[in-house]
Every structure is written in structure tokens, then in C-alpha cells.
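Enquirer: Chains as they are written, first to last, in this note's numbering: chain A, 224 to 560; chain B, 40 to 316; chain C, 408 to 693.
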């Protein structure tokens, strides 16, 4: 036994070490050759869309041979990561403030001067439910009934969370209520929240793993989940908010990044977005049939009362009223723990 | 950390140490610099950040519902897991040392799995068995039981591997004397063997406790991210994601303090037991 | 080893038959509890995962392990783990030599400090590194940013995190052997004219080779499996700063296929490490 071990030991241990070291050296040299890669930093849910977009872009003349290094995560966290040094050539966030935070150090001040005003995709807030809608949730008011468990992300990190909160709040206003009634609704809403995952994508995962009766999310995320054959249905409520997602290239991004942004904003790029459940920002782009939507032939129904950020006075006013220190949301969150 | 295998068989030799020369002095300097830069400075940064907003900031960071729930879950689970391991780990070590059966080598190898397995793989492995799609009907996703099972998984080897070498090296004379005097096996175990093992058990339990307090990857998937089943490391991570560094650092400091206190206590137990034995 | 030594001559010979019955049942009960616990807790879940992977078929397996970001992850993991193990081996042997052979003030403190990192939560490790090396959050942040040196969100940060969590592994295995060995051989060699390097290669390394190998394998296993600390410092950039463990996590959390398959790859690597560990475990335990 001792002699067998004496022979196999050095071999076993040495082989392991040599393999690791060799792989490490090989890894060193080849990962450096990924220098032509463009760095894409985005919020959590559009990964399937951007996987398709980068692939389609690669088939165009401008996109030939372009490699991609992509990172997805909660919108707020990703924005802070870029300002903390994470490499980025193309950034895409859930909401404008996460992008404007990077101006002027990382993104040019005129990022939104293009034809689409810097936006690349639209969506609306919907309520996702279990298949068959066992709790018969048809709109916002059903969510505050006792015993209904809501899953919505954490507004500290997630962009989706902020859209959800705005939609929940403004639906009261759209129905003729005042600010007090809306705050009251929001309190009851938070009382029913059972989980606050860090990102829109994590919230979907939490919901699909069995937590909660209703998931508040993007329409495109609900469609994307159904495209992955996950079992959920979604309800387009009578009142919602128009989600507008911005994207931009960074200051020292190569030309190919700008080409990609142009592609994304073109009708070809918009069609790819539409196929993944996003409402196009370009007028006149017809989405075609979108698998996974409630009605694939008419995937993006008109919402009866659609509020926009412009209606609310722009993002500066919105942040001040809702998300700043001492504003509506931190106050209500603090009391509901 | 792991098997103190080589450590247990060594006798420290005090005499014969030389004074530092030029090269060794330089080497020491490099080592100290490396340690400071990599370990001391970052840990100091955590404590400093936690205190960054003063005592009120620190208190607010700790004294909120989510943080308290996370800390309580973590501490109670870690204590429970350390206790379970103290008992079962000793039992397993006993069986591995004093018993012989077909497949014992396999059991030895299986015990090493939690040492070598990446924590996220352990987490996936546990989620597969105890999650929504469990093959055995145990649905412990987002429950305290799920968290406990995950912690038991990753701490399994600690007590076993600290007790084993001591048990192996144990002098059998006292046991044999007791047996020949008519003592029941269990009495022999309780009066003679257990005190000899106590330092090793305490040491292993301390390692298990420390590991459980900080565990992240294996608990991540099965805890489901719900506040009531999130452990402290998950809470700290979400604070980092939210850019709330003071909160993250404050809770981290509390965790470090608790670990230091419990480890010091267990170290004292170990010393007392060693002195008596 | 059985628990009834047959060669003991007992003065009260009549007591022996009465004790035989109980120890036997107790022995089987203990054996059953131990084996059942280990099997249920560890073996069963691992087997289920391997089973599910096999169930999903060979082509799924192939696609999963050859996916672009998985292949990049192999490279990133090998690079980070390789560098971390190398650094810790050099550090471990060097400091072990210092602790075993020299006396200096603070020797005891150094000894204790080295054990600290491994018992700290990996998330706290990541946080600590971010608070020192992050561009906007760290003490050295502005200096690093001005110099254009990226630690966090890049390989150096990940290497530092991995080094942190596996720091004492090599040292703790090598030190007792060096202490037990003493320095007589080394001094004899020196008096015969061997210089420091020759003494290191010819005398010291052969002495510690099993302990060193054991420590290195433990470090490799730990480095390959690091997850929490790397998650905090890496930025999770697929294709660039995602280690294999981060890819497994992304697949598992996004319901993308491949989590099981890549986990099985990691399980296989862990199994190799376990085999090496059990072969290298000191003879005293066999």
C-alpha cells in the first residue's frame, strides 16, 4: 500500500497542480485576446433580447467579428458599478435616472438628443399571476385584498421596482383619487408584499419558485417567461405606467458600440425587441406575432389609463416626490419593515 | 480550517529558533505588508465604514426588522448546527475509527465532499432535493428547515475531522483498565474517552459555528430570498447591491463580533478541557 | 478496528460473556446512524443531481459545457484559481519557514492572524475589498482610478478575494512538519557549504512535500469553489469576470439550462481533489 501510494501520490497531486497552472497560463493569454469585445452593462431582464440583438448585429456588416462581454443585474446596482469602475461601452438601464447618474463622467450629456430621445424600448407594468389565475386578480384593487401575497423587487437596487411602485400609486390618481388615497393604497400594497428580491429578473425567479400570488413586473418579462415555457399568466390592468428604457454608449466606447446603438434603435433592432415582448419606440414598427403574449396577434393592447413620466413632471420631480430620502416610498417602506 | 491532520501529529519544537537575518527579516517584512494590505486593512475598512455615520447610524443599521431577523436566524441556526455536529460528528468519527465495514472508505470520501464542493453547487444540489421539484417529496424551499439542512451539509466534516486523529491517537490503556474493572461501555465512553475528546469536539464545533455564521452560496438558492429565511450574509449582500455600505458594514461588524465572542468562548472550553484531560 | 480487543486478559473472566451482547447491538446502531446520516445528508443530493444531469441527455450536456460563456468561465476560473494557489503556496511556505525557524516579536500574533481570514463570511470579504480598492467606495479608490488600475470588477480583485479565503491552507499543513523536523539538517547542510536555495530545494522541500501537496490540493479545491466573495468583487461580467461558480449561479437563478451540467463538471473536479486529499491524508489516520 505504501509503495503504491508513494508512486501515485506525487502523480495525482502534481497532475492536479500542473493542470490548473497550465490552464491558468492558457487562460491568461487567451482572455487577453478578447480585447475586441464590447462591454455591455444592462439591467436584469433584457438578457434574452440583447442575446438576440447582439447575434443579429453580428450578422450585419457593421457588427461582423464584434465580441461581447455582457453583465446583467439590478438597474441601480449596475449603474453604480459603472461609476465604480466596471468597464462599459454600451449601457442600458431600466429607467432614465440610472443613466443620467453617469453623465458627464461616463456618458455624454447629449445622450438623449437622438430621434428616439435615447430610449430603446418601451413596456408597461402588468400583474403576473399563477396559471389559470386561481385568485381571480383582475386589477390593482384585488392586490390589496387580505391574504394576497405580492412579489415586487427592492426599489433600493431594482429599476423594475420603481416602475411598479409608480404604477401602483398613479392608478389611484388615474381613477380620480387624490394623493392621500394613493398613499393609503401604497401602504396596503406594501403590507401585502412578501418578498423584495434585488432585481426584476430575480423577482420572476422567486415567483416561479412558488412564492406569492402576484408578481408585479414588466409586460416584456411576463412574455419572456412564457416564451421560456414557464407557467404563469399575466393581467394587463386598466391603469398602468409607460415604461421607457434608455440606453447609451460611454464616452470612450469604440465606434462599433455606436453602430450597435444605431442598430438597436433602427426598425430591425426594434423588431427584435418586439419579438421578445418589448413595445417598440419607433412609430410604425409592427411587432408581428409575439409568442408568449396573451394574444400573440395583438401582443401590446392599449391600456385604458396610461400614465407617463412626462405626466408626472419628469424624472427629477418624480424622484423628489417618491424616492428621495424622506419621500413617499422610504417613509412607507420604513413603517412596513 | 480543514483537517488539522498534519497539525495534530506535530510537536512544536521551541528551542533552536534563530534570530532574524537580512533575508529573513525582509521576508517577514513582505509577509507583514501582504497581510496588512490584504487582511487587516480591509477588515478595518469594514469596521470603520460601519461606524461611519456614528453610533446612531450604526444602531439604525442594526435595529431594523430585516437585519434583526437575518442576524437572529443566522446565530440560532449556527448554534444549532454546531451542537448537532458536536454530537453526530463525534459519533461518525467513532464509527470511522473504531468500526470496520465494507464501504467505510466510501463514507470517508463522502464526508470530504462538503470540503471540496463549491458552495453554489452544494446549494443547487440541496435545492434539487429539497426544493420545488423534490424527488422525495420534501419541500423545504424558503423554510428554516431548508436553511438548517444547507448548513448541516457544509459543516459535516468539521467535527469529524478534528475528532478523528485524536481518537486514533488515544491511549487505549485507560479504556481497557475500565473494561477489565467491569465498567459498562457507555460509562467508559462518558468518563474516559469523552473528556479526552472534549478539546477536539470544542475545536470542531467552533469551526462549524464559524463556517455556518458566514455561509452564503449553499443557503442562497434554498432560502428563496425571502426576508424571513435570509441569512445575514444575504442581507449584507443586498445592502451592498443597494449601495447602502454603512448598513452592510454595520451588520458585518456585528457578525464578526458575535463570531469572535463565540469562538473565544469555545476556545476557553477547549483549554479547560485540555487542562483537565 | 473493533471495539472488543480479543487479547485483553480480564481478571474477572466471567464478566466478559455478559458484555458481549450489548456492545454488538450498540455497534450496529452507531454504524447505521453514522452511515445513514452521511448518506442522506450528502450522498443522496449529489446522486440526485448527477442522475438529473444524465437524465437530461448527452447533447444537452455537451451544449452546456461548450457554451461560449462557460468556456470563458473555465479560463477565468483557471486563471484566478491558479494565481491564487500560487500566491498562497509561496506565502504559506515562506511564512511557515519564518514561524518555524526564527524568533521575533509578534510571532504569536502572526500565527493567530493568519487563521482569521478563513473564518470570515465570503460576503464580508468581498465587502472589505470593495471598501479598500473600489474606485468610488475604497480608501485607495481615487489613487487607483487616477492610475487606471482596476482591482474591483477585474481579475486582480478576484484573485485577492480568492487568496483571502484560502490563505492559511498551505501554511497550516506545512508548519507542523517544519516544526517537528527542526533545523538540524538545514544547519548541517549550511555548515557543509550549501547556500539557501540549495538548502530549500534539497532539504526543506522534500521534507514538506506530502504536507505541501495536501495543502495545495486543499487550496485548489477552495479556490475553484469560491463563490460569495467573487460575486461581490467581480461584477459578474459574462465572458470576462465570471468564474464557473458564477455561471452555475446565473443558470440556476435564470432557469437557463446548463446549471446541472456545469455543476457536474465542478463535482467531477471536486471528486479528483477528494481522491487526492484522501490519498495524501497523513498515515496516522489510516
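Ideal Cβ placement from N, Cα and C applies to all residues, glycine included.
#1: Is DSSP giving residue 359/A helix, strand or coil here?
#2: Between which two residues does the alpha helix (DSSP H) carrying residue 150/B extend?
#3: Given a cut-off of 8 Å on the beta-carbon distance, is the pair residue 606/C and residue 618/C in contact?
#4: For residue 444/C, which of 156/B, 134/B and 104/B has the nearest alpha-carbon?
#5: Does residue 328/A come within less than 8 Å of chain C when only Cβ atoms are used?
#6: Report the partner residues of residue 260/A according to the DSSP bridge assignment.
#7: Of all the options 460/C, 675/C and 476/C, which has the alpha carbon lying nearest to the alpha carbon of residue 657/C?
#8: So, does the CB of residue 433/A fall closer than 8 Å to a CB anywhere in chain C?
#9: Taking the alpha-carbon positions, what's the residue 424/C to residue 498/C distance?
#10: List, in chain order, every chain A residue whose beta-carbon is nearer than 8 Å to that of residue 265/B.
#11: Would you kindly report the start and end of the unbroken alpha helix (DSSP H) that includes residue 684/C?
#12: Count Cβ pairs between the region 152-167 of chain B and the region 181-198 of chain B that sit closer than 8 Å; are there 3 or more?
#13: Is the shortest distance between the beta-carbon of residue 439/A and the beta-carbons of chain B less than 8 Å?
#14: Does the CB of residue 370/A have a neighbour CB from chain B at under 8 Å?
#15: Does the Cβ of residue 647/C have 16 or more other Cβ atoms within 10 Å, making it buried, or fewer, making it exposed?
#16: Where does residue 309/B land, buried or exposed, given buried means 16+ other C-beta within 10 angstroms?
#17: For the region 557-583 of chain C, list every residue whose C-beta sits within 7 Å of some C-beta in chain A, in sequence order.
#18: Tell me which same chain residues have a C-beta within less than 7 Å of the C-beta of residue 287/A, skipping the five on either side of it?
#19: Where do the N-terminal and C-terminal ends of the alpha helix (DSSP H) with residue 466/A fall, by residue?
#20: What residue range is occupied by the uninterrupted alpha helix (DSSP H) comprising residue 530/A?
#21: Pull up the distance between the alpha-carbon of residue 432/C and that of residue 640/C, whole angstroms please.
#22: Pick helix, strand or coil for residue 291/B, following the three-state DSSP scheme.
#23: Which one of 677/C, 666/C and 643/C has the shortest CA to CA distance from residue 474/C?
#24: Considering only their Cβ atoms, is the gap separating residue 130/B from residue 437/C smaller than 8 Å?
#25: By the DSSP assignment, the beta strand (DSSP E) with residue 532/C in it spans what residues?
#26: Kindly say whether residue 257/A, judged by its beta-carbon, lies nearer than 8 Å to any beta-carbon of chain B.
#27: In angstroms with no decimal places, state the Cα-to-Cα distance between residue 437/A and residue 371/A.
#28: Hey, residue 136/B and residue 246/B: beta-carbon distance below 8 Å or not?
#29: Considering residue 595/C, what are the terminal residues of the alpha helix (DSSP H) in which it resides?
#30: With DSSP as the reference, please indicate the residues paired to residue 418/A in a beta bridge.
#31: Under the three-state reduction of DSSP, which class applies to residue 297/B: helix, strand or coil?
#32: On the DSSP bridge assignment, give the partners of residue 58/B in chain order.
#33: Can you list the alpha helix (DSSP H) stretches of 4 or more residues lying completely in the region 213-256 of chain B, in chain order?
#34: Anything in chain A within Cβ reach of residue 147/B, meaning under 7 Å, just list it in chain order.
#35: Between residue 335/A and the rest of its own chain, which residues show a CB-CB distance below 6 Å, the 5 nearest in sequence each way excluded?
#36: Tell me which residues share the same chain as residue 546/A and place their Cβ nearer than 6 Å to its Cβ, disregarding the 5 neighbours each side in the sequence.
Expert: Let's see:
#1: Residue 359/A falls in the coil class under three-state DSSP.
#2: Going by DSSP, residue 150/B is part of the alpha helix (DSSP H) stretching over 143-155.
#3: no
#4: 134/B
#5: Taking Cβ atoms only, chain C never reaches closer than 8 Å to residue 328/A, which makes this a no.
#6: 290/A
#7: 476/C
#8: no
#9: For residue 424/C, the predicted structure reports a pLDDT of 47, less than 50, and the residue's modelled location is therefore unreliable. The matter cannot be settled from this model.
#10: The contacting residues are 417, 418, 429 and 434.
#11: 666-687
#12: Contact holds: three or more Cβ-Cβ distances are below 8 Å.
#13: no
#14: no
#15: buried
#16: Residue 309/B comes out buried.
#17: 557, 559 and 560
#18: 281
#19: Residue 466/A -> not in any alpha helix (DSSP H); beta strand (DSSP E) instead, spanning 462-472.
#20: Segment 528-530 is the beta strand (DSSP E) holding residue 530/A; no alpha helix (DSSP H) there.
#21: Between residue 432/C and residue 640/C, the C-alpha separation is close to 54 Å.
#22: helix
#23: 666/C
#24: With contacts defined by Cβ atoms closer than 8 Å, residue 437/C and residue 130/B form a contacting pair.
#25: Residue range 529-540 is occupied by the alpha helix (DSSP H) that includes residue 532/C, with no beta strand (DSSP E) assigned at that position.
#26: Because residue 257/A sits at a pLDDT of 44, beneath the cut-off of 50, its placement in the model cannot be relied upon, and the point is left open.
#27: 8 Å
#28: Pairing residue 136/B with residue 246/B gives a Cβ-Cβ distance that is not under 8 Å.
#29: First-last of the alpha helix (DSSP H) with residue 595/C: 591-598.
#30: Residue 418/A pairs with 374/A.
#31: helix
#32: 510/C
#33: Counting whole runs of 4 or more residues, the region 213-256 of chain B contains the alpha helix (DSSP H) stretches 224-227 and 233-253.
#34: The premise fails here: residue 147/B is roughly 15 Å from chain A at the closest Cβ pair, so nothing lies under 7 Å.
#35: 341
#36: 552
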